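Heads up, the thing below is written out as structure tokens.
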Amino acid sequence: MRWRGITAVLMAAVMWALMTIFIRIFNENGLSAMEIVEIRALGATILFFAILLVQDRKKLYVKWRDLWCFFATGTIGVAFFNFCYFKTVETTDIAVAAVLLYTAPVFVMLFSAILFREKLQKRNWLQAGLAFLGCVLISGVFSQNRIISLTGFLVGLLSGIGYAFYTIFSKVAVQKGYASLTIMAYTFLFASVGGAFFSSFHNMKNYFVGTGAKGLLFCIIVSIVTTVLPNSLYTYGLRYIESSRAGMLTFVDPIAAMVFAFVYFGEKPPLMTLVGVGLILFSLLEKNFEKKLPI
């Protein structure tokens, strides 16, 4: 059963990485990062509730006392995380923002130990450290001199914490017995409400007017491929594996993004990037074969 969870989380990470391609296409049509997030959240909300209405309306029911959990996954785990991440990009650059974002699995491990009492050993921190170093090398953060402002650094860390809370609160919802679709529907409902405060609906309107039916179809595809399917798979995977293990597996995201960039845009990775890929893969193998691959 553990491998069912591992496979689901890995598939989710690869699908999330596809967003690197779609973001460029959206940007070319005049949409900002937060407006892209809002479109994804709105599209996902509509699709998740439509699926529940057709599949099983009983899954639409949630207890009032549990709404805080979905509020947390939506506003903190999705909207707040994206807001902090894109603010980090504005104050530093994408490479630095990506490195700070991928502190998230480390926070997941820490919070899991505190909240879920998941046992963590020294090797677990070493695994996370190697994977994080791999992300640093993939990002190219050391390829040129960079000056990171204190604000950019702190907001970047907040993006990692927000990303981590998505895993933590999703795990709480799973333990409360809610179905993956129910969790996702209410998560993105709250995310779309929270994201609305940081988005320009005028720009979004201009996008749909300018692109017409093709633009709408593209948004539906993006919502399904990069939001509905991966988030459902990730939440499903949390039923079978620990939060800390799921957090580690998301390190596959930057590797997949690099592969997609090479295939779609012809971007060739430098040697240090490949070294980073090797470190991430080794740490993941060590995490999932701990008894067979001693460090």
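Heads up: the sequence shown begins at 0 in our numbering, then just goes up one per residue. Beta carbons: idealized from backbone N, C-alpha and C, even for Gly. Since this is a predicted model, take the numbers as computed values, not measurements.
If you draw a straight line from the Cα of V274 to the Cα of L248, it is about 18 angstroms long. In this structure, the CA atom of K213 is about 43 angstroms from the CA atom of S111. Within its own chain, the residues whose Cβ lies closer than 7 angstroms to the Cβ of G29, once the five positions on either side in sequence are excluded, are N202, N205 and Y206, listed in chain order. Nearest to Y84 by alpha-carbon distance, out of A96, G73 and V77, is A96. In this model, S242 and A103 are separated by some 12 angstroms (Cα to Cα). Judged by DSSP in its simplified three-state form, D65 adopts helix.
F82 places its beta carbon 9 angstroms or farther from that of G159. I182 sits close to T72, with the two beta carbons spaced by under 9 angstroms. Residues A190, G193 and G194 of the same chain have their beta carbon placed closer than 6 angstroms to that of A78, with the five preceding and five following residues left out of the count. Just measuring C-alpha positions, the residue of T234, A184, L237 and S198 sitting nearest L46 is A184. For T87, the CB contacts under 8 angstroms within the same chain, skipping 5 residues up- and downstream, are V95, A96, L99, L100, G151, V154, G155 and S158 in chain order. Taking the Cα of F70 as reference, the smallest distance to any Cα among D252, F187, L114 and V13 is reached at F187. Distance check between I240 and each of C218, I279, T166 and F259 places T166 closest, using alpha-carbon atoms only.
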